[in-house]
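Quick note on numbering: this note's numbering labels position 331 of the sequence shown as 396, and the sequence is numbered without any gaps. By construction, the Cβ of each residue, glycine as well, lies at the ideal position given by its N, Cα and C atoms. Everything numeric in this text was worked out from a predicted model, so none of it was measured. Down below is the structure, laid out as structure tokens.
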Amino acid sequence: MPDAIVAEGLVKRYGQLVALDGLDLAVPEGTVTALLGPNGAGKTTTVRVLTTLLIPDEGSATVAGIDVLRDPQALRSRIGASGQYAAVDEYLTGFENLEMVGRLYHLGTQRSKERARELLDRFRLSDAADRPVKGYSGGMRRRLDLAGALVANPPVLFLDEPTTGLDPRARLDLWDVIEELVAGGTTLLLTTQYMDEADRLADSIAVIDHGKVIARGTADELKAIVGGDRIELTVATADQLGPAQQALAGLADGEIHLEPGLRRVTVPVANGSQDLVTAIGLLSEQKVQINDVALRRPSLDDVFLTLTGHEAEELVNGDAEAQTVGATEGQKR
Ligand SMILES: Nc1ncnc2c1ncn2[C@@H]1O[C@H](COP(=O)(O)OP(=O)(O)OP(=O)(O)O)[C@@H](O)[C@H]1O
Ligand SMILES: [Mg+2]
């Protein structure tokens with residue numbers, strides 16, 4: 066599968082501040098990549114460079130086979146983009162906004178009107194279609210802006226934090242729309258701070274921090290960086306902590322962690338739910354009283370914290386290259 070989006074060595078400086086620090090990225094055609102990173106990581110800057118809105122100081126990029134820096138005009142008609150802040154005309158109605166986008170993309174008057182109606186319907190904005198946007202709520206503007214990105218059915222789509230500010234239902238709606246588009250062959254680069262969103266939508270996740278990709282892989286591959294499953298249990302009384310630890314010492318795949326204040330015992334395990342069953346057996350044999358027990362799998366939140374928090378320093382520093390996490394590479398750390 067050829068890459069629909071390629072960025073190589075992107076650098077963008079604002080005075081002393083390095084917003085992009087040699088960012089590399091490749092998104093295969095027809096797939097979804099999520100850029101995941103904390104505030105100020107460089108997500109919006111990356112999207113702005115790739116959508117021709119910002120010229121980088123160094124590096125190169127190709128989108129849909131077109132050189133972003135050499136041929137920005139040609140590229141603009143091949144991509145759709147929705148920014149972090151909705152870019153809609155306040156004084157036009159929702160319908161007029163979308164119709165205008167259609168005409169900018171040379172869809173023709175008739176088709177522009179049809180497409181505007183279709184998208185207003187899809188984003189549940191039909192009722193507000195003929196009202197000026199200045200009376201729209203934040204979430205409505207956001208949806209209108211997203212609809213605008215889809216008017217021309219672009220083969221490559223960039224969505225910067227598409228669901229920030231949407232209510233849960235609008236968020237689920239948008240996920241559906243995105244999944245349909247991707248099933249139809251659209252390539253998507255989206256940025257997000259929501260792990261569940263990256264988990265649900267993205268084929269591949271690039272974690273970025275300080276203007277660089279610090280890890281990439283599927284959600285499962287990234288979770289494996291943090292480690293395997295663990296059993297978390299809460300004992301009934303603090304004096305049960307020791308007996309619980311003893312009972313499970315043989316089962317643990319690593320060090321058992323005790324949090325006396327919470328009466329919590331965390332046990333890393335190698336065999337998931339099978340070990341959970343064994344653990345419950347061992348605890349009841351030793352007459353340890355427990356209030357709660359669960360198998361916990363690492364979440365993308367754990368990955369995010371591990372990679373961008375303090376622990377990430379050892380993992381990432383001294384290794385200028387991002388780690389590409391592959392199924393064949395060692396992942397237990
Ligand atoms: N026009 C600008 N002038 C000066 N600094 C800028 C400008 N645009 C971005 N920056 C800086 O570049 C860095 C990256 O910003 P960017 O907007 O790409 O981050 P982000 O990952 O999108 O963050 P967020 O999650 O808050 O949207 C930040 O430190 C930001 O302050
Ligand atoms: Mg941003």
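Is it the case that the CB of Thr109 approaches a heavy atom of ligand 2 more closely than 7 Å?
Taking the first residue of the sequence shown as 1, we reach residue 109 at position 44. At least one heavy atom of ligand 2 is nearer than 7 Å to the Cβ of Thr109, so yes.
For Gly249, which residues of its own chain have a beta-carbon under 8 Å away from its beta-carbon, when the five flanking residues on both sides are left out?
Position 184 of the sequence shown, counted from the first residue, corresponds to residue 249. Answer for Gly249: no residue qualifies.
Which residues share a DSSP beta bridge with Pro333?
Taking the first residue of the sequence shown as position 1, residue 333 is located at position 268. According to DSSP, which records beta bridges pairwise, Pro333 is partnered with Arg295.
Which residue spans inside the region 104-164 form an unbroken alpha helix (DSSP H) run of at least 4?
Within the region 104-164, the complete alpha helix (DSSP H) runs of at least 4 residues are 108-115, 137-141.
From the DSSP secondary-structure annotation, give me the bridge partner or partners of Glu324.
Walking along the sequence shown from the start, residue 324 turns up at place 259. DSSP output for Glu324 lists Arg329 as bridge partner(s).
Since Ile273 sits in a beta bridge, which residues does DSSP pair it with?
Locating residue 273 in the sequence shown gives position 208, where the first residue counts as 1. The partner list for Ile273 (beta bridge, DSSP) reads Val278.
Going by the C-beta, is Gly102 closer than 7 Å to any heavy atom of ligand 1?
Here residue 102 refers to the residue found at position 37 when the sequence shown is read from its first residue. Answer for Gly102: yes, Cβ within range of ligand 1.
Just to confirm, is the Cβ distance from Tyr201 to Ala212 under 8 Å?
Residue numbering aside, residue 201 sits at position 136 when the sequence shown is read from its first letter. Residue numbering aside, residue 212 sits at position 147 when the sequence shown is read from its first letter. In this structure, Ala212 does not lie closer than 8 Å to Tyr201 by Cβ.
In chain order, which continuous runs of the alpha helix (DSSP H) of length 4 or greater are located wholly inside the region 165-214?
The qualifying runs are 174-187.
Do Glu262 and ligand 2 come close, with the Cβ less than 7 Å from some heavy atom?
The residue given as residue 262 occupies position 197 in the sequence shown. Every heavy atom of ligand 2 is 7 Å or more from the Cβ of Glu262, so no.
Using the three-state DSSP reduction, which class does Glu350 fall into: helix, strand or coil?
As a working note, residue 350 is residue 285 in the sequence shown. Helix, per DSSP.
Could you give the first and the last residue of the continuous alpha helix (DSSP H) run that contains Glu245?
Mapped onto the sequence shown, residue 245 falls at position 180. Segment 233-248, the alpha helix (DSSP H) holding Glu245.
Would you call the CB atoms of Leu75 and Val114 closer than 8 Å?
Mapped onto the sequence shown, residue 75 falls at position 10. Mapped onto the sequence shown, residue 114 falls at position 49. Yes, the Cβ-Cβ distance between Leu75 and Val114 is below 8 Å.
Spell out a yes or no on whether the region 173-186 and the region 245-265 are touching, meaning 3 or more CB-CB pairs, one atom from each, closer than 8 Å.
Too few Cβ pairs lie closer than 8 Å, so no.
Below 8 Å, can you find three or more Cβ-Cβ pairs linking the region 119-132 to the region 299-318?
Short answer: they don't touch.
Could you tell me the distance, in whole angstroms, from the CA atom of Pro333 to the CA atom of Ala312?
For this step, residue 333 is matched to residue 268 along the sequence shown. For this step, residue 312 is matched to residue 247 along the sequence shown. About 14 Å.
CB-CB under 6 Å to Glu297, same chain, minus the five flanking residues each way: which ones, in chain order?
Taking the sequence shown and counting its residues from 1, one reaches residue 297 at position 232. Thr331, Ala359, Arg361.
When DSSP builds the beta bridges, which residues end up paired with Lys77?
Residue numbering aside, residue 77 sits at position 12 when the sequence shown is read from its first letter. Paired residue(s): Leu85.
Check whether the Cβ of Gln50 sits closer than 7 Å to any heavy atom of ligand 1, and report yes or no.
This structure cannot speak to residue 50, because the chain is shown only from 66 to 398.
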